[in-house]
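Protein chains in written order, with the numbering used here: chain A, 1 to 195; chain B, 1001 to 1195. This report concerns only the one structure given below.
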DNA sequence: ACCGCGATGTATCGCCGCGATACATCGAGC
DNA sequence: GCTCGATGTATCGCGGCGATACATCGCGGT
């Protein structure tokens, strides 16, 4: 969700749309771009919801250009108290919504602001989500393999390897995360064998 | 685009929505799912455009259940002549639209039905698209690296590696493709499949 | 003999995000 | 003096998604 990303970014410092977009690119990299076609409407929505406020102050810049049709100046946004609250709430979210394809990366990008326990739960959730998908695809593939041409097959196998790779990455991250944290009475099973 | 996938699948045999969805899963695997929320509206659109036709014939099944509200039977779709034409047209598409993230996989899945020269051009286009993105992200990363926390950094680097991996995959495929084809000379005029 | 459940099957709704496009300002370099 | 690319705000249509609703069918369990 773009909202979390905007909240997370604005938590560091007030920004205007264009900067927000640059920061989004710098923060999410290959993972996601977020076009203006998403950004501006989202900003509007968030402002209407009261999570962010437009920080006027560059109004003088406008002064020298009088009655120009829709003269627009920079619009700087900053977090409101409700916005901070919402951010905290979203950051604490560790359920399914946080391990979806599109969402996970955003949550991960703001892990520095996330509670360590929540981090592990998101990581594990994401991993099982991926493992489920992998098994589903593997099952289907086993059933239909014979009927598929070589290109389709290669696509499937490449995809499966990609998923595998991400699972391995997540496993590493989980281990690092666990070793960083003082071995708190682990509520989840220490070494869940194969899933 | 879902349309290409549907056309490609129906080219093999007539199918109804549910089967189409199963085939979609079996064909695209991890790459994409395509929910019913996309499928049915698309089917409607394609029918209205005249690319596919509803193959009635299971109407008798309905007979024994008289005035049931919205009694629905299977709706089998098959390709029309225009649909076949459209499929040929889409399969010949080798321009930017074919190397987009969401589109590429669908094109690839139907490579068996695609002209060998077009295959190579799609593969190469996809690869440069990915390389461009990678360089862009690398540049941004070099500029901002110092300011990023370790999680953001890890996300970026994982993403970069994924892109790298796909580039390598594509390179292999291109080589295989070239060695399969009798080393034809530089394609007669790029035809620049703009659009 | 009955029931429930999961697979089969069609369909819609609201939301989100994308790419394209338009418009406007500004500094740098030719 | 001019164009060009970066900075900047904004909208539009559309394609896809997840959730949801509804209906039928065959199977296994009790």
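Built from N, CA and C at the ideal position, the CB exists for glycine as well. This one's a predicted model, so the numbers in the text were calculated from it and none came from an experiment.
Kindly indicate which residue of 1029(B), 1156(B), 1049(B) and 1074(B) has the alpha-carbon position closest to the one of residue 1139(B).
Within the second chain, residue 1139(B) is the residue found at index 139, counting from 1. Residue 1139(B) has its Cα closest to that of 1156(B), out of 1029(B), 1156(B), 1049(B) and 1074(B).
Please go through the region 67-100 of chain A and give each complete alpha helix (DSSP H) segment of 4 or more residues, from N-terminal end onward.
81-92
Relative to the alpha-carbon of residue 18(A), which residue among 36(A), 29(A) and 28(A) has its alpha-carbon at the smallest distance?
Within the first chain, the letter at position 18 stands for residue 18(A). Nearest option by C-alpha distance: 36(A).
Taking only the alpha-carbon atoms, compute the straight-line gap between residue 65(A) and residue 75(A) and give it to the nearest angstrom.
Position 65 of the first chain, counted from the first residue, corresponds to residue 65(A). Position 75 of the first chain, counted from the first residue, corresponds to residue 75(A). Model confidence at residue 65(A) stands at a pLDDT of 40, short of 50, so the residue's coordinates are unreliable; what they give is reported in the following sentence. C-alpha separation (whole angstroms): 17 Å.
Closer than 8 Å, Cβ to any Cβ of chain A: which residues of the region 1024-1040 of chain B, in chain order?
Residues 1025, 1026, 1027, 1028, 1029, 1030 and 1031.
Anything in chain B within Cβ reach of residue 16(A), meaning under 7 Å, just list it in chain order.
Within the first chain, the letter at position 16 stands for residue 16(A). Near residue 16(A) there are no residues of chain B at all, since even the closest Cβ is about 18 Å away, more than 7 Å.
Contact residues within the region 1143-1158 of chain B, judged by C-beta distance below 9 Å to chain A
Those residues of the region 1143-1158 of chain B that come within reach of chain A (Cβ to Cβ, closer than 9 Å) are 1143, 1144, 1147, 1148, 1149, 1150, 1151, 1152, 1154, 1155, 1156, 1157 and 1158.
Which class does residue 1015(B) belong to by DSSP, given the choice of helix, strand or coil?
Reading the second chain from its first residue, position 15 is the one you call residue 1015(B). In this structure, residue 1015(B) counts as strand in the three-state DSSP scheme.
Answer with yes or no whether the minimum CB distance from residue 1141(B) to chain A is below 8 Å.
Numbered from 1 along the second chain, position 141 holds the residue referred to as residue 1141(B). Yes, residue 1141(B) lies at the interface with chain A (some Cβ there is under 8 Å from its Cβ).
Please report how far the alpha carbon of residue 161(A) lies from the alpha carbon of residue 1029(B), in whole angstroms.
Along the first chain, one-based indexing puts residue 161(A) at 161. Along the second chain, one-based indexing puts residue 1029(B) at 29. One C-alpha to the other measures close to 12 Å.
Which same chain residues end up closer than 7 Å to residue 1173(B) when comparing Cβ atoms and leaving out the 5 residues on each side of it in sequence?
Here the question's residue 1173(B) lines up with position 173 in the second chain. Once the five neighbours on either side are set aside, the close Cβ partners of residue 1173(B) are 1123.
Relative to the C-alpha of residue 1006(B), which residue among 1149(B), 1043(B) and 1026(B) is closest?
Taking the second chain and counting its residues from 1, one reaches residue 1006(B) at position 6. Taking only the C-alpha atoms, the option nearest residue 1006(B) is 1043(B).
Under DSSP, the beta strand (DSSP E) around residue 1146(B) begins and ends at which residues?
Residue mapping note: residue 1146(B) aligns to position 146 of the second chain, counting from 1. Element bounds for residue 1146(B): n/a, residue is neither H nor E.
Of the residues 41(A), 84(A), 32(A) and 33(A), which one's Cα is nearest the Cα of residue 14(A)?
Counting from 1 along the first chain, the entry for residue 14(A) is found at position 14. When C-alpha distances from residue 14(A) are compared across 41(A), 84(A), 32(A) and 33(A), the shortest belongs to 84(A).
Which residues of chain B have a Cβ atom closer than 9 Å to the Cβ of residue 160(A), listed in chain order?
Within the first chain, the letter at position 160 stands for residue 160(A). The answer, in chain order, is 1029 and 1030.
Using three-state DSSP, classify residue 33(A) as helix, strand or coil.
Stepping through the first chain from its first residue, residue 33(A) is reached at position 33. Of the three classes helix, strand and coil, the one that applies to residue 33(A) here is coil, per DSSP.
Quick check on DSSP: helix, strand or coil for residue 1048(B)?
Here residue 1048(B) corresponds to residue number 48 of the second chain, with the count starting at 1. Residue state, collapsed to three classes: helix.
Which full runs of the alpha helix (DSSP H) of 4+ residues lie inside the region 114-176 of chain A, going along the chain?
Within the region 114-176 of chain A, the complete alpha helix (DSSP H) runs of at least 4 residues are 116-144.
Which residues in chain B sit within 9 Å of residue 105(A), going by Cβ to Cβ distance?
For the purposes of this step, residue 105(A) is taken as the residue at position 105 of the first chain. In chain order: 1155 and 1159.
Answer yes or no: do residue 1127(B) and residue 1171(B) have a C-beta to C-beta separation smaller than 8 Å?
Against the second chain, residue 1127(B) aligns to sequence position 127. Against the second chain, residue 1171(B) aligns to sequence position 171. Their beta carbons are under 8 Å apart, which means residue 1127(B) touches residue 1171(B) by this criterion.
Among 87(A), 107(A) and 26(A), which one has its Cα closest to the Cα of residue 202(A)?
Past the edges of chain A, shown from 1 to 195, lies residue 202(A), and the structure says nothing about it.
Can residue 1009(B) and residue 1020(B) be called in contact, C-beta distance under 8 Å?
For the purposes of this step, residue 1009(B) is taken as the residue at position 9 of the second chain. For the purposes of this step, residue 1020(B) is taken as the residue at position 20 of the second chain. It is a contact, given that the beta carbons lie within the stated cut-off.
Applying a beta-carbon distance threshold of less than 7 Å, which residues of chain B neighbour residue 137(A)?
To locate residue 137(A), count along the first chain from 1; it is residue 137. Neighbours of residue 137(A) on chain B, chain order: 1029 and 1030.
Assigned exposure category for residue 1152(B) - 16 Cβ within 10 Å defines buried:
To locate residue 1152(B), count along the second chain from 1; it is residue 152. Residue burial is scored here from C-beta neighbours: residue 1152(B) has at least 16 other C-beta atoms within 10 angstroms and is therefore classed as buried.
Out of 150(A), 106(A), 101(A) and 149(A), which has the shortest C-alpha to C-alpha gap to residue 129(A)?
Locating residue 129(A) in the first chain gives position 129, where the first residue counts as 1. Of the candidates 150(A), 106(A), 101(A) and 149(A), the one whose C-alpha sits nearest the C-alpha of residue 129(A) is 101(A).
Which residues of the region 1108-1134 of chain B have a Cβ closer than 7 Å to any Cβ of chain A? Give them in chain order.
1108, 1109, 1111, 1112 and 1133
Checking the sheet assignment: what are the DSSP bridge partners for residue 53(A)?
Along the first chain, one-based indexing puts residue 53(A) at 53. Answer is 78(A), bridged to residue 53(A).
Among 103(A), 94(A) and 79(A), which one has its Cα closest to the Cα of residue 114(A)?
Taking the first chain and counting its residues from 1, the one referred to as residue 114(A) is at position 114. Per the Cα distances, 94(A).
Of all Cβ atoms in chain A, is any one closer than 8 Å to the Cβ of residue 1099(B)?
In the second chain, the residue the question calls residue 1099(B) occupies position 99. It does not; no Cβ of chain A falls within 8 Å.
Cβ shell of residue 98(A) (< 6 Å), same chain only, five flanking positions each side left out
Translated into the one-based positions of the first chain, residue 98(A) becomes position 98. Excluding sequence neighbours, residue 98(A) sits near 107 and 122.
Using the Cβ count rule (16 or more neighbours within 10 Å means buried), how would you classify residue 1059(B)?
Along the second chain, one-based indexing puts residue 1059(B) at 59. Low local confidence applies: a pLDDT of 45 at residue 1059(B) is under 50, so the model's placement there is unreliable, with the coordinate-based value given in what follows. Looking at its Cβ environment, which holds fewer than 16 other Cβ atoms inside 10 Å, residue 1059(B) is exposed.
Hey, how far is the Cα of residue 53(A) from the Cα of residue 80(A)?
By one-based count along the first chain, residue 53(A) stands at place 53. By one-based count along the first chain, residue 80(A) stands at place 80. Approximately 6 Å, taken between the alpha carbons.
Pull up the CB-CB distance for residue 159(A) and residue 1031(B), whole angstroms please, since I reckon it's below 8 Å.
Position 159 of the first chain holds residue 159(A). Position 31 of the second chain holds residue 1031(B). About 5 Å; that satisfies the 8 Å criterion.
Would you call the CB atoms of residue 163(A) and residue 134(A) closer than 8 Å?
Numbered from 1 along the first chain, position 163 holds the residue referred to as residue 163(A). Numbered from 1 along the first chain, position 134 holds the residue referred to as residue 134(A). Yes; because the gap between Cβ atoms is below 8 Å, this pair is in contact.
Should residue 1105(B) go down as buried or exposed, given a rule of 16 or more other Cβ atoms within 10 Å for buried?
Indexing the second chain from 1 puts residue 1105(B) at position 105. Residue 1105(B) comes out buried.
For a test of the three-state rule: what should DSSP assign to residue 110(A), helix, strand or coil?
In the first chain, the residue the question calls residue 110(A) occupies position 110. Correct three-state label for residue 110(A): coil.
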